[in-house]
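Here the numbering used here is used: position 418 in the sequence shown is 1413, and no number is missing along the way. We put the CB at the ideal spot given by N, CA and C, even for glycine. Please read all numbers here as calculations on a predicted model, not as lab measurements. Below is one structure, written out as structure tokens, with a few remarks after it.
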Amino acid sequence: MSKLKKYAMPLVIVLGVILVAIFGKAISAKSAVNDNRTPIVFWHEMGGPSEQALEQVVDGFNKSQTKYKVIPKYQGSYDEAIQKILQTHGTSTSPAVFQAFDISTAQMLHSGYTTPVQNFIDADHYDVSKISSVARSFYSNGGKQQAMPFNTSQPVLYYNASLLKKYGITPPPVSPSYSDITRVAQQIYEKSGHKVKGMTVQVYGWFIEQALANAGTQLANNNDGHTGNPTEVKLNNPDSVEFLKWIKENIKSNDFIDYGSGASAGANQTAGFLSDKVGIFIQSSASIGDLIKNNKNQLGITYFPHPDNKKANGVAIGGAALWISNDKPKNVQQGAFEFIKYALKPEVQAQWQKATGYLALNKDSQKTQTLKDLYAKSPESKVPGQQLATAKANYSNSGILMEGMQLTRQLEEVAMETVYNGGDIDHALTTADKDINDNLTQLNKANGYK
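Next comes the structure, spelled out in structure tokens:
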């Protein structure tokens, strides 16, 4: 009998585990069958910690109501995702809502594959006035909101506040001019005994575009594409020249360090900044989290610099927006809009900024305890949002709605590299204009535009 008991108990346990597994699956299957919510497939390009933060947004929406269920699916890089979106439209695998980056906006508009978010805004009487006007303007066209900005950044200027304090250097003002930055950069270089370079500006097309935006100048005609399809680009203009002259002057003064271009350039300049090899650099506001977390020094932040003879006009945003596909049934599209509305709620946006470094776009987010606590801990975190809030949307700072922006940026970078390496500014910009306009003419012809 004792022998029987010895084997009976493990047998009961094994049977119990099997029964739990069987009934557990049955209950799960039943729950899945009973989940009659409309599925909303969401394609995105957020990886790493940002993907985890995005999944929290999705989970929050799914728990907030019982009508829709958003299903997030990572699609790789921005460029990879755009190709997938264009190739799958009209098939069962296409998404209901998708994330597309800023410089693909014209491509999305011309595709005819999306339903303007404005349609849902009007039907729902949704108040968009709480959402940053500068961010919204990038994704507006023809008087309609085409997509809703979501993960949004701006270029800002970072400086080593501890280093400035050590050498008794007055920090740059909140909205600095080019000469304000040159003064600080030269003082860092001289007072450190030439051990620390004063500044760097990465070879990145986005930065020369932002220099134009902040000077109130447009790169392309037809108001950077906002009042008609662009047919001509003029990179060789007085404000591009002044921006590159500013950089060239600092290169000649030897207080500038060039980290080059490409994927590694941004990482290298950040590493140089954190290791006290350079005191000032320009980068996306989305970098703020890493710069605070991994920094032994106090971080200083100011707005993107402006020309000495002009008032700052405000810079354009970076990042991506949420678009609604027009190949899905009306109820699915409505579900996509409900998700977009949820993603832009004040507390959701506040938590998104805290988790990712992207800017909270809902003005009421600033009233949340989440951001109050963040600013109390890291006061500098408030600066990028202030830069966005103080800018007034206009054609110069509302982004460039033009196809072929990926190649345009590459050609802008070739011009920047030429100047950095001692080349003539006028020649570099004239060459870039010719190549950019040749490509634009071909694209317009291929798309049937005059």
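Supposed contact pair residue j and residue i - C-beta distance, whole angstroms, cut 8 Å
i	j	result
residue 1324	residue 1354	About 33 Å; that fails the 8 Å criterion.
residue 1130	residue 1392	Incorrect: roughly 11 Å between the Cβ atoms, too far for contact.
residue 1166	residue 1295	6 Å
residue 1230	residue 1421	About 11 Å; that fails the 8 Å criterion.
residue 1076	residue 1036	With 8 Å as the limit, residue 1076 and residue 1036 do not qualify as a contact, their Cβ atoms being about 13 Å apart.
residue 1142	residue 1316	4 Å
Test item: CB-CB of residue i and residue j under 9 Å
i	j	result
residue 1349	residue 1365	yes
residue 1396	residue 1219	yes
residue 1308	residue 1200	no
residue 1066	residue 1034	yes
residue 1242	residue 1444	no
residue 1084	residue 1106	yes
residue 1206	residue 1251	no
residue 1056	residue 1329	no
residue 1121	residue 1081	no
residue 1337	residue 1052	yes
Segment limits, beta strand (DSSP E) that includes residue i
i	result
residue 1176	Segment 1173 to 1186 is the alpha helix (DSSP H) holding residue 1176; no beta strand (DSSP E) there.
residue 1036	1033 to 1039
residue 1273	1273 to 1279
residue 1319	1313 to 1320
residue 1093	1092 to 1096
residue 1295	1294 to 1298
residue 1362	Neither: residue 1362 is in no beta strand (DSSP E) and is coded neither H nor E.
First through last residue of the alpha helix (DSSP H) which encompasses residue i
i	result
residue 1146	No alpha helix (DSSP H) contains residue 1146, which is instead part of the beta strand (DSSP E) from 1143 to 1148.
residue 1069	No alpha helix (DSSP H) holds residue 1069; the beta strand (DSSP E) holding it covers 1063 to 1069.
residue 1240	1233 to 1247
From the options, residue whose alpha carbon lies closest to that of residue i
i	options	result
residue 1270	1154, 1241, 1361	1154
residue 1096	1313, 1385, 1336	1313
residue 1434	1259, 1402, 1444	1402
residue 1235	1081, 1425, 1320	1425
residue 1276	1217, 1245, 1304, 1335	1245
residue 1292	1316, 1415, 1331, 1158	1158
residue 1194	1188, 1272, 1147, 1134	1272
residue 1320	1051, 1048, 1030, 1086	1086
residue 1351	1054, 1205, 1280	1280
residue 1437	1225, 1113, 1093, 1373	1225
residue 1161	1183, 1148, 1149	1183
residue 1058	1363, 1333, 1290, 1101	1333
residue 1103	1360, 1318, 1341	1318
residue 1400	1204, 1265, 1347	1204
residue 1144	1163, 1339, 1404, 1398	1339
residue 1357	1078, 1123, 1191	1123
residue 1202	1192, 1214, 1052	1214
residue 1221	1150, 1423, 1101, 1110	1101
residue 1311	1149, 1170, 1064	1149
residue 1192	1385, 1170, 1268	1268
residue 1248	1060, 1369, 1177	1177
residue 1373	1385, 1413, 1394, 1290	1290
Cutoff 9 Å: residue i Cβ touching any chain B Cβ
i	result
residue 1040	This model lacks chain B altogether, as it is built from one protein chain only.
Q) Given 8 Å as the limit, is there contact between the segment 1038 to 1048 and the segment 1062 to 1081, that is, 3 or more CB pairs closer than that? A) yes
Q. Can at least three beta-carbon pairs, one atom from the segment 1295 to 1303 and one from the segment 1136 to 1146, be found at a separation below 8 Å?
A. Contact between the segment 1295 to 1303 and the segment 1136 to 1146 is absent, because fewer than three Cβ pairs lie under 8 Å.
(Q) Assess contact between the segment 1254 to 1272 and the segment 1122 to 1129, defined as three or more Cβ pairs (one per stretch) separated by less than 8 Å. Is contact present? (A) The segment 1254 to 1272 vs the segment 1122 to 1129: no contact.
Q. Taking one C-beta from the segment 1405 to 1413 and one from the segment 1322 to 1340 each time, how about it: are there three or more such pairs within less than 8 Å?
A. no
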